Amino acid sequence: MRWTKSRLTELRHRLGEAYPDARCALDHRDPFQLVVATILSAQCTDARVNLTTPALFARYPDARALSQAQLPELESLIHSTGFFRNKAKNLVGLGQALMARHGGQVPCEAGALAALPGVGQKTANVVLANAFDIPALAVDTHIFRVARRLGLSEATTPEKVEADLCRLFPESTWIELHHQLIWHGRRTCDARKPACGACPVAELCPTGSGRIADPHTGQPVTPAPDTASTPTLRPKAEGPQRIVSLVPSVTELLAQWGLVQRMAGRTRYCVEPRWIRNAVPAFGGTKDPDIAGILAQRPDLVILEKDENTLAAAQAFEKAKVPVPVLVLEIRSVAEAREALVILGRRLNAEDAARQHIAAIDAVMEKPRSSKRRSQRPRTLILVWKDPWIAAGEDTYLADLARSAGFRPIGGQGYPRLEDADLEALAPDVILLPTDPFRFNARHQKALTQRFPEAMVKVLEGKALTWMLSRTAEGLVRLRQERATILAL
Ligand code: SF4
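Going by the numbering used here, the letters in the sequence shown line up with residues 89 to 577, in that order.
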């Protein structure tokens, strides 16, 4: 089937919905750090590069330092990224070329970038897009595979695939599309076992629907089972059997606990795991649920959360002609998240699952700190919205999660609106930008870094931080990793 304009739009829409947080996975603060990290990422995972670069940039903070690096020392710092001898030579050459030709700055012109040692067309495109916001669509191994499976290109070289993609999609979408296709390749369209059963673009894909053989392997695809849909825990079947969850993270939790077969409804924002959209009907949003539609499902329990949902919704269920039991959770700290898990476990007859979940959180909680280490807690402002700026105040779940991971949240109580002057007066050491609920991205990071050069500004995967219960342990791990990286710089 031909890729018409409307099908391409639909593809972008679906990718956007499935990977709203897609962004550059290489940690960097400026174009110099990004070009170095991208060179290191050849034949190496981004996670490994991110573990390597803090010490590397502490030792070689700019082109001048890198140009004077001694190879043995540089090689030992980047050893774990593989091909370290070649990469070290390229990095020294990069530093020298930047000093000789560009005054120590990374150029923002494709030809000049691609002429630097260790920088090919792909790296140049990555730097243009992520460091300078200049539209470019670098084709890596994931995009190459995904584009061919989707039938967006039949070309056999990354350069030709790039040309095909650039012809098909408007320039304004290239940067976003680049990240979304990479995430799709990493998370769903695996090289060996694509999860076509859980794929958000399956209906649009000639490979997944069997119309063509997999261009990557030459064989018809044998989709991997959707592992996310395989319940890992099977609680007893007693307890409520027609549960409606109006809380996205609780819905995800119920899926993790293998309780989806006992669900009668969710909201349209309950979209994780992705397959839940086909498994459980949606009735309105979190603030405006379709009460009549939910009541028609004859639920035997409706689950709400104080910040996510409204009091009016809870009362509507309790005062209905046939009253429906409601469970209203209130979660403003990690301790309250633990309590909520206990309550849910009891109420849903899923105590074993709850216990395991709590154990996972406890395993990653910070140990009590000595007074010396307390002083290392960076003063941290967590922004959750822009225009106007809205912060997660010190008494919110998000702030407590950060506190539990070793940060010192600042910014007032509740969700205060902040003027630019307030941000300046707070003078944070760290500004965290979760990608949920507002889609903060590298552009916002760059703008804030320029404005607050003293502060470390970080974009973080949002759902890990804001989806309490189902992702509390993951959020703690991510924040602790960030804190370790920040303190190492
Ligand atoms: S349907 Fe399968 S092959 Fe096609 S994009 Fe999705 S995961 Fe990849």
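Idealized CB from N, CA, C, for every residue including glycine.
Model, not experiment: these values are computed from the prediction.
Exercise. Quick one: what's got a C-beta closer than 6 Å to V194's C-beta in the same chain, skipping five residues either side?
Worked result: By the criterion of a C-beta distance shorter than 6 Å, V194 is surrounded in its chain by P119, F120 and V123, once the five residues flanking it on both sides are discounted.
Exercise. What do you get for V410, buried or exposed, if any count of 16 or more other CB atoms within 10 angstroms of its CB means buried?
Worked result: V410 should be labelled exposed.
Exercise. First and last residue of the alpha helix (DSSP H) that includes R365?
Worked result: Taken as a continuous stretch (DSSP letters only), the alpha helix (DSSP H) holding R365 covers I364 to A367.
For this session: Report the rounded CA-to-CA distance for P205 versus G183, giving the unit in angstroms.
Result: The alpha-carbon atoms of P205 and G183 are separated by roughly 9 Å.
For this session: Taking V137 and T169 to be in contact with their CB atoms under 8 Å, please state how far apart those CB atoms are, rounded to whole angstroms.
Result: Contact holds; Cβ gap of about 6 Å.
Exercise. How long is the line joining the alpha carbons of S337 and G563, rounded to whole angstroms?
Worked result: If you take the alpha carbons of S337 and G563, they lie about 13 Å apart.
Problem set entry | Boundaries (first-last residue) of the alpha helix (DSSP H) holding A283 | First-last for A283: undefined, no H or E at that position.
Exercise. What beta strand (DSSP E) runs, 3 residues minimum, are completely inside the stretch 371-448?
Worked result: Entirely contained in the stretch 371-448, the beta strand (DSSP E) runs reaching 3 residues are, in chain order, 389-393 and 414-417.
Exercise. Anyone know if the C-beta pair for G433 and A441 falls short of 8 Å?
Worked result: The Cβ atoms of G433 and A441 sit closer than 8 Å to each other.
Exercise. Is the closest heavy atom of the ligand SF4 to the C-beta of A290 under 7 Å?
Worked result: Correct: A290 has its Cβ closer than 7 Å to the ligand SF4.
Problem set entry | Expected contact under 8 Å - CB spacing of L389 and A408 to nearest Å | A408 and L389 do not touch by the CB rule: their CB atoms are close to 13 Å apart, not below 8 Å.
Exercise. Hey, L567 and A428: beta-carbon distance below 8 Å or not?
Worked result: Taking 8 Å as the Cβ cut-off, L567 and A428 do not qualify as a contacting pair.
Problem set entry | Own chain, CB closer than 6 Å to A219, minus 5 neighbours either side, in chain order | Excluding residues within five positions, the ones whose Cβ falls inside 6 Å are P119 and L122.
For this session: Have a look at F526, V518 and E549 and flag the residue whose alpha-carbon is nearest the alpha-carbon of P541.
Result: For the set F526, V518 and E549, the Cα lying nearest the Cα of P541 is the one of V518.
Exercise. Quick one, which of A543, E512, R435 and L486 has its alpha-carbon nearest P522's?
Worked result: Minimum Cα distance to P522 is reached at L486.
For this session: Just mark R233 as buried or exposed, buried being the case when its beta carbon has 16 or more other beta carbons within 10 Å.
Result: Buried: at least 16 other Cβ atoms inside 10 Å.
Exercise. Of all the options I263, P258 and R255, which has the alpha carbon lying nearest to the alpha carbon of I222?
Worked result: The shortest C-alpha to C-alpha distance from I222 to any of I263, P258 and R255 is the one to I263.
Exercise. Just to confirm, are Y582 and L139 a CB contact at a threshold of 8 Å?
Worked result: Because residue 582 is not part of the residues shown, which for the chain are 89 to 577, the question remains open.
Problem set entry | Buried versus exposed, by CB contacts within 10 Å (16 or more), T320 | Caution applies to T320, whose pLDDT of 36 falls short of 50 and renders its modelled position unreliable; the value that the coordinates give is listed next. By the neighbour-count rule (16 or more Cβ atoms within 10 Å), T320 is not buried but exposed.
Exercise. Is T169 helix, strand or coil by DSSP?
Worked result: Correct three-state label for T169: helix.
Exercise. Using a threshold of 7 Å, is the CB atom of L579 nearer than that to any non-hydrogen atom of the ligand SF4?
Worked result: Absent from the model: residue 579. The displayed extent of the chain is 89 to 577, so no value can be given.
Problem set entry | Reduced DSSP category for T157 - H, G, I as helix; E, B as strand; rest coil | In the sequence under discussion, the amino acid at residue 157 is Ala, which differs from the Thr named in the question. Coil.
Exercise. Which parts of the stretch 158-245 are runs of the beta strand (DSSP E), unbroken and 3 residues or longer, counting only runs that do not cross its ends?
Worked result: Counting only runs of 3 or more, we get nothing.
Problem set entry | Selection from A279, R365 and I391 that minimises the alpha carbon distance to I331 | I331 has its Cα closest to that of I391, out of A279, R365 and I391.
Exercise. For R255, which option in L240, S297 and L269 has the closest C-alpha, if you only look at C-alpha atoms?
Worked result: L240 is the residue among L240, S297 and L269 whose C-alpha sits nearest the C-alpha of R255.
Problem set entry | For G359, three-class secondary structure by DSSP | Per the sequence shown, residue 359 should be read as Val rather than Gly. Reduced to three states, the DSSP call for V359 is coil.
Exercise. For A576, does the count of other Cβ atoms within 10 angstroms reach 16, so buried, or fall short, so exposed?
Worked result: Exposed is the call here.
Exercise. Which first and last residues belong to the alpha helix (DSSP H) in which A490 is found?
Worked result: Boundaries of the alpha helix (DSSP H) around A490: Y485 to S492.
Exercise. Excluding sequence positions up to five away, which residues of its chain have a Cβ less than 6 Å from the Cβ of R505?
Worked result: Closer than 6 Å at Cβ, skipping near neighbours: P476 and I478.
Exercise. By Cβ distance, which residues of its chain are closer than 7 Å to V565, with the 5 residues on each side in sequence left out?
Worked result: The beta carbon of V565 is closer than 7 Å to those of V452 in its chain, skipping five residues each way along the sequence.
Problem set entry | A493 beta carbon less than 8 Å from that of I470 | Between I470 and A493, the gap from beta carbon to beta carbon reaches 8 Å or more.
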